[in-house]
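Numbering (the UniProt record's numbering), first residue to last: 1 to 152.
Heads up, the thing below is written out as structure tokens.
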Amino acid sequence: MKKGFLLAAVVLAFSCQQKPAEEAPKTETPPAPVEKKEEVVSDKGIGPITEVKLGPIDQALAKKGKEIFDSKCASCHKLEEKYVGPPLKGVTQRRKPEWIMNMILNPSEMVQKDPIAKGHLAEYPTQMPFQNVSQEDARAILEYLRSVDEGK
Numbered sequence: 001m002k003k004g005f006l007l008a009a010v011v012l013a014f015s016c017q018q019k020p021a022e023e024a025p026k027t028e029t030p031p032a033p034v035e036k037k038e039e040v041v042s043d044k045g046i047g048p049i050t051e052v053k054l055g056p057i058d059q060a061l062a063k064k065g066k067e068i069f070d071s072k073c074a075s076c077h078k079l080e081e082k083y084v085g086p087p088l089k090g091v092t093q094r095r096k097p098e099w100i101m102n103m104i105l106n107p108s109e110m111v112q113k114d115p116i117a118k119g120h121l122a123e124y125p126t127q128m129p130f131q132n133v134s135q136e137d138a139r140a141i142l143e144y145l146r147s148v149d150e151g152k
């Protein structure tokens, strides 16, 4: 009888004990991926120029562009050879006129965001400085480069 009473007391003691709450299985939720907003870069570059209408080469504008090129660009750019910057002969056949003008007017942002300009910075480690040219001056430089590329 003592054994039966003892057994009943032990069973009663364990049955009165609170059951630990079952823990929900831990599922680690990975942090939501942070979406990088890729900036869409056009083949026109990044800057104030969105459209350039080209006509026949304006020789007077090309002459003005050569003068500006000689004073502001020629210290780093040659037409047919690599120098501090890339050679510029043929650039009007490789790039859109808007891209060329935006590179002249907005070189810092272009080398940060434009893949072509970034590639140039990798090849020519000196970043092109802004030469304080107006849109009109940039258009004249473009006209000069067009005249070189068309042999006029």
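Glycine included, every Cβ here is placed at the ideal spot set by N, Cα and C.
Since we're looking at a predicted model, the values are computed, not measured.
Asked: Short Cβ contact (7 Å threshold) for Ile46 with Lys118; Found: no
Asked: Same chain, Cβ closer than 7 Å to Glu143, five either side skipped, listed in chain order; Found: Ile57, Asp58, Leu61, Ala62, Gly65
Asked: Cβ neighbours of Asp137 in the same chain (closer than 7 Å, five flanking residues each side left out); Found: Ile68
Asked: Residue range of the alpha helix (DSSP H) that includes Phe130; Found: Note, Phe130: premise wrong, no alpha helix (DSSP H); not H, not E.
Asked: Ser42 - DSSP class collapsed to helix/strand/coil; Found: coil
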